[in-house]
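Asks: Protein chains in written order, with the numbering used here: chain A, 46 to 160; chain B, 2 to 112.
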Amino acid sequence: NAGVTQTPKFRILKIGQSMTLQCTQDMNHNYMYWYRQDPGMGLKLIYYSVGAGITDKGEVPNGYNVSRSTTEDFPLRLELAAPSQTSVYFCASSYWDRGGTDTQYFGPGTRLTVL
Amino acid sequence: EDKVVQSPLSLVVHEGDTVTLNCSYEVTNFRSLLWYKQEKKAPTFLFMLTSSGIEKKSGRLSSILDKKELFSILNITATQTGDSAIYLCAVSSYNTDKLIFGTGTRLQVFP
Chain A
46 NAGVTQTPKF RILKIGQSMT LQCTQDMNHN YMYWYRQDPG MGLKLIYYSV GAGITDKGEV
106 PNGYNVSRST TEDFPLRLEL AAPSQTSVYF CASSYWDRGG TDTQYFGPGT RLTVL
Chain B
2 EDKVVQSPLS LVVHEGDTVT LNCSYEVTNF RSLLWYKQEK KAPTFLFMLT SSGIEKKSGR
62 LSSILDKKEL FSILNITATQ TGDSAIYLCA VSSYNTDKLI FGTGTRLQVF P
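(1) Tell me, to the nearest whole angstrom, how far the beta carbon of Ser8 (chain B) is from that of Asn23 (chain B); I am working on the premise that it is less than 8 Å.
(2) Are there 16 or more other CB atoms within 10 angstroms of the CB of Thr155 (chain A), so buried, or fewer, so exposed?
(3) Compare the Cα-Cα distances from Gln81 (chain B) to each of B:Glu70, B:Ser64, B:Gly60 and report the closest residue.
(4) Pick helix, strand or coil for Asp3 (chain B), following the three-state DSSP scheme.
(5) Flag this pair as yes or no: are the beta carbons of Gln130 (chain A) and Val159 (chain A) separated by less than 7 Å?
(6) Can you pull the chain B neighbours of Tyr76 (chain A), defined as C-beta to C-beta under 8 Å?
(7) Kindly indicate which residue of A:Ser63, A:Glu124, A:Lys102 has the alpha-carbon position closest to the one of Met77 (chain A).
(8) Can you check DSSP and say which residues form a bridge with Asp67 (chain B)?
(9) Count the CB pairs spanning the stretch 94-108 of chain A and the stretch 52-59 of chain A that are closer than 8 Å, and state whether there are at least three.
(10) Pro153 (chain A) lies in the beta strand (DSSP E); which residues open and close that run?
(11) Would you grab the beta carbon distance between Ser73 (chain B) and Leu34 (chain B) for me? Rounded to a whole angstrom, and I think it's under 8 Å.
(12) Tell me whether Gln1 (chain B) is buried or exposed, calling it buried when 16 or more other Cβ atoms sit within 10 Å of its Cβ.
(13) Out of A:Leu125, A:Thr115, A:Tyr92, A:Asp83, which one is the CA nearest neighbour of Ile60 (chain A)?
(14) Which residues share a DSSP beta bridge with Asn110 (chain A)?
(15) If you run the structure through DSSP and keep just helix, strand and coil, what is Pro44 (chain B)?
(16) Quick one: using the 10 Å Cβ neighbour count with 16 as the cut-off for buried, is Pro128 (chain A) buried or exposed?
(17) In chain A, what lies closer than 7 Å to Pro44 (chain B) by C-beta?
(18) Bridge partners of Ile87 (chain B), per DSSP?
(19) Which residues of chain B have a Cβ atom closer than 8 Å to the Cβ of Met86 (chain A), listed in chain order?
(20) If we ignore side chains and look at the alpha-carbon of each, how far apart do Leu123 (chain A) and Ile91 (chain A) end up?
(21) Out of A:Gln62, A:Asn73, A:Gln82, which has the shortest C-alpha to C-alpha gap to Val49 (chain A)?
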């Protein structure tokens, strides 16, 4: 299993540009998450999904959109990039039910700079 | 509001020292507490704790949960430079599908 993969690893955007961060997992996990981590700060949840076709907002959803058309993929869309969105973005997945584990497995991250 | 607080925020030690990292939480309908290690990349899973008083061990790392006092500790004995990382604590509850993360403890181990 490749686990959780993210692309690209690095990206520089100009203010106002758009881009999509890709995330794929091959563990058949039902839950997927997008976090951002600013320098010296903890992880903040942007959006998450409990299954294909279902998404919900996290702590900091403004400026982002997501979709979950398949179990494997959970792309994150930035429509109008702003300097405040400069951060490292992590995708994670887990299998979650009342008898299962909360362990989240993380992708390698995407470092995004908006200039 | 659910929250997770880690202390200290930063810790600098020499190789061979023993360190204790703290995580306290306030969460409704607690389910589990997780520890992650984050080096210059993505967090990697260390432990998941659900029951009070049962120590989990992995090599020089160990962790225990106190559900009465609402905290957990992560111990690292005989620290090595490779232990330098940010250690993240996260808590889940039965009320939500999400993990609540603390801001982490940055550990630096010098030779």
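Note that beta-carbon positions come from the ideal geometry of N, C-alpha and C, so glycine has one too.
Replies: A quick look at the data gives this:
(1) Between Asn23 (chain B) and Ser8 (chain B) the Cβ distance is about 5 Å, and since that is below 8 Å, they are a contact.
(2) Classification for Thr155 (chain A): buried.
(3) Looking at the Cα atoms, B:Gly60 is the closest of the given residues.
(4) Three-state result, Asp3 (chain B): coil.
(5) Between Gln130 (chain A) and Val159 (chain A), the C-beta gap is smaller than 7 Å, which places the two residues in contact.
(6) Chain B residues near Tyr76 (chain A): Asp98.
(7) It is A:Lys102 whose Cα lies nearest to the Cα of Met77 (chain A).
(8) Answer by DSSP bridge pairing, in chain order: B:Phe72.
(9) As far as the Cβ criterion goes, the stretch 94-108 of chain A does not touch the stretch 52-59 of chain A, which means the pair count is below three.
(10) No beta strand (DSSP E) holds Pro153 (chain A); DSSP gives it neither H nor E.
(11) Indeed they touch by this definition, with Cβ atoms about 5 Å apart.
(12) This structure gives no information on residue 1 (chain B), because the portion of chain B shown stretches from 2 to 112.
(13) If we check each option's Cα against that of Ile60 (chain A), A:Leu125 comes out closest.
(14) Per DSSP, A:Arg122.
(15) Here Pro44 (chain B) sits in strand by DSSP.
(16) Pro128 (chain A) is exposed by the Cβ-count criterion.
(17) Against Pro44 (chain B), the close residues of chain A are Phe151, in the order they occur along the chain (beta-carbon pairs closer than 7 Å).
(18) Partner(s): B:Gln39, B:Arg107.
(19) Under the 8 Å cutoff, chain B gives Thr104.
(20) Each residue's Cα considered, the two are about 12 Å apart.
(21) For the residues A:Gln62, A:Asn73, A:Gln82, the minimum Cα distance to Val49 (chain A) belongs to A:Asn73.
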